[in-house]
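**Student:**
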Amino acid sequence: GLQYLEVVFRYLASARENNELSWKQIKDIAEKAISEEAGRYVMTLAERTKNEGRLEGRLEGRLEGRLEGKLEGEIKGLKEAIELGITLKFPGDIDTVMAKVNKIDDLGTLKE
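Counting from 1, position 78 in the sequence shown corresponds to residue 78 in this note's numbering; the numbering is continuous, with no gaps.
#1: Hey, how far is the Cα of Leu21 from the Cα of Ala15?
#2: Would you mind reading off the limits of the alpha helix (DSSP H) that contains Glu31?
#3: What residues in its chain sit with their C-beta under 8 Å from that of Leu110, if we drop five residues either side in the sequence?
#4: Alpha carbon to alpha carbon, how far is Ala30 from Glu47? Give it in angstroms, no decimals.
#5: Could you have a look at Glu68 and say whether DSSP puts it in helix, strand or coil?
#6: How many angstroms separate the CA atom of Arg10 from the CA atom of Thr44?
Below, the structure is given as structure tokens:
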């Protein structure tokens with residue numbers, strides 16, 4: 001299959017370098033060398049690569065979704081803990097402080 005094509009193309013390259021064949025002759029030989037079987041192999045390889053790309057994309061999407069969900073859960077939990085702490089320490093300021101806290105979506109900032 002592919003080894004045969006490699007040999008043919010190496011021969012063609014060598015023959016062209018030595019001016020033994022014209023570009024038209026090289027084209028004709030190459031077209032004969034590339035059979036339907038080779039074409040099918042290339043298509044199968046392309047399909048396989050495409051399917052692997054789809055699978056990789058789905059896996060990345062799932063992982064990204066899980067990480068995003070986990071981060072959102074951590075942020076929500078931290079905001080609830082902040083709200084509880086402020087309610088216990090400064091019950092009169094809860095609305096003002098929580099309005100500011102709820103605008104923060106960065107986990108690192110909330111932890112500070």
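All residues carry an ideal CB built from backbone N, CA and C; glycine is no exception. None of these values were measured; they are calculated from a predicted model.
**Tutor:** Quick look at the numbers:
#1: 6 Å
#2: 23–33
#3: Ile75, Leu78, Lys79, Ile82, Val101, Ile104
#4: 24 Å
#5: helix
#6: Whole-angstrom Cα-Cα distance: 24 Å.
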